[in-house]
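Residue numbers (our numbering): 55 to 304. This report concerns only the one structure given below.
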């Protein structure tokens with residue numbers, strides 16, 4: 055097969071945070087496939103066809119990309135951030151596993167990108183400086199009971215946590231429930247960072263104690279980072295720095 059499929063991460067938003075490797079893949083693509091706002095970040099040019107689709111059709115999108123690659127096209131599937139973090143890489147491989155046998159011969163490559171979580175952490179300082187986990191708070195593809203279990207266990211392990219998809223118009227109550235669980239499980243005022251639209255002109259960074267965190271501080275463009283029990287805030291004239299020490303006392 056002469057076709058090729060690349061699954062690429064566009065980073066958190068700023069053009070300068072797209073890796074040269076991803077930029078080269080886009081420059082050589084015949085087709086770009088992805089969610090509408092992510093495809094909109096790819097500049098049109100002669101010879102390039104943009105295939106933008108709505109949210110919640112990840113498997114259909116993945117199958118379409120695989121079909122075009124099998125037909126000899128040079129296809130790039132785009133995600134924001136990193137394609138392997140709550141994004142399209144898993145969807146493509148799920149479609150590949152259940153698809154036609156000829157898809158197995160395709161050349162497929164995953165190109166990493168800077169995640170929203172890491173971009174947000176860098177803006178704040180180093181809140182993920184020790185052990186941490188990332189949890190998707192959307193219950194579209196998993197039950198809320200599992201989300202709550204993971205929140206409690208992460209708190210018990212004293213991990214810093216990064217939360218994706220905290221709150222949307224269709225799920226306004228979920229993040230409020232998550233904050234209630236975390237306040238109960240953590241029992242302190244550790245820092246919570248609300249990082250919205252990081253690296254874009256709409257960027258907003260807000261840090262508050264867990265006791266003062268409110269659901270309306272987040273939306274679907276927000277990554278929320280919760281420190282662990284040792285996370286500190288350095289108060290500086292030029293702006294506060296939130297960091298988690300690398301060591302833990304014996």
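Every residue, glycine too, gets a C-beta built ideally from N, C-alpha and C.
Let me know the alpha helix (DSSP H) ranges lying completely inside the stretch 96-166, each 4 residues or longer, listed in chain order. 112-124 and 142-152
Whole angstroms is fine: what's the gap from residue 355's alpha carbon to residue 147's? Residue 355 lies beyond the stretch modelled for the chain, which goes from 55 to 304, so this question has no answer here.
Same chain, Cβ closer than 6 Å to residue 65, five either side skipped, listed in chain order: Taking the first residue of the chain shown as position 1, residue 65 is located at position 11. 71, 72, 167 and 168.
Whose C-alpha, out of 184, 121, 89 and 154, is nearest the C-alpha of residue 297? Here residue 297 refers to the residue found at position 243 when the chain shown is read from its first residue. Measuring from the Cα of residue 297, the nearest candidate turns out to be 184.
Quick check on DSSP: helix, strand or coil for residue 242? Here residue 242 is taken as the residue at index 188 of the chain shown, counted from 1. DSSP places residue 242 in coil when its eight states are reduced to three.
Assigned secondary structure, residue 201 (DSSP; H/G/I helix, E/B strand, else coil): Working through the chain shown from its first residue, we reach residue 201 at position 147. Three-state result, residue 201: helix.
Taking the DSSP output, what are the residues bridged to residue 222? What you label residue 222 is simply residue 168 of the chain shown in a count that begins at 1. Bridge partners of residue 222: 225.
Can residue 145 and residue 116 be called in contact, C-beta distance under 8 Å? Along the chain shown, read from residue 1 onward, the residue named residue 145 stands at position 91. Along the chain shown, read from residue 1 onward, the residue named residue 116 stands at position 62. Cβ atoms of residue 145 and residue 116: closer than 8 Å.
If you follow the beta strand (DSSP E) that residue 286 is in, where does it begin and where does it stop? For this step, residue 286 is matched to residue 232 along the chain shown. It spans 286-288 - the beta strand (DSSP E) in which residue 286 sits, taken as one unbroken run.
Label residue 136 either buried or exposed according to how many other C-beta atoms from any shown protein chain fall within 10 Å of its C-beta, with 16 as the threshold for buried. Taking the chain shown and counting its residues from 1, one reaches residue 136 at position 82. With 16 or more Cβ atoms within 10 Å of its Cβ, residue 136 is classed as buried.
Take residue 240 as the anchor and find which of 122, 207, 272 and 257 has the nearest alpha-carbon. Working through the chain shown from its first residue, we reach residue 240 at position 186. The residue with the shortest Cα to Cα distance from residue 240 is 207.
Contact belief for residue 190 with residue 218 at Cβ below 8 Å, rounded distance in angstroms: Walking along the chain shown from the start, residue 190 turns up at place 136. Walking along the chain shown from the start, residue 218 turns up at place 164. Sure, about 5 Å apart at Cβ, within 8 Å.
Residue 274 in three-state terms, based on DSSP: To locate residue 274, count along the chain shown from 1; it is residue 220. Coil, per DSSP.
For chain B, find out if any of its Cβ atoms is closer than 8 Å to the Cβ of residue 203; answer yes or no. The displayed structure is made up of one protein chain only, and chain B is not part of it.
Contacts around residue 272, its chain only, beta-carbon distance under 7 Å, and the 5 residues preceding and following it disregarded: In the chain shown, the residue the question calls residue 272 occupies position 218. Contacts found: 220, 221, 229, 248 and 278.
Would you mind sorting residue 111 into buried or exposed? The rule is 16 or more other CB atoms within 10 Å of its CB. By one-based count along the chain shown, residue 111 stands at place 57. Residue 111 comes out exposed.
For residue 250, does the three-state DSSP call read helix, strand or coil? Counting from one through the chain shown, the residue named residue 250 turns up at place 196. Of the three classes helix, strand and coil, the one that applies to residue 250 here is strand, per DSSP.
Whose C-beta lies closer than 7 Å to the C-beta of residue 212 among residues of the same chain, with five residues either side of it excluded? Position 158 of the chain shown, counted from the first residue, corresponds to residue 212. So the list reads 282 and 283, once near-sequence residues are dropped.
Among 102, 67 and 209, the one whose alpha carbon lies nearest that of residue 91: On the chain shown, residue 91 is found 37 positions in, with the first residue counted as 1. For the residues 102, 67 and 209, the minimum Cα distance to residue 91 belongs to 67.
Would you tell me roughly how many angstroms separate the C-alpha atoms of residue 197 and residue 100, rounded to the nearest one? Mapped onto the chain shown, residue 197 falls at position 143. Mapped onto the chain shown, residue 100 falls at position 46. If I take the Cα positions, the gap works out to 44 Å.
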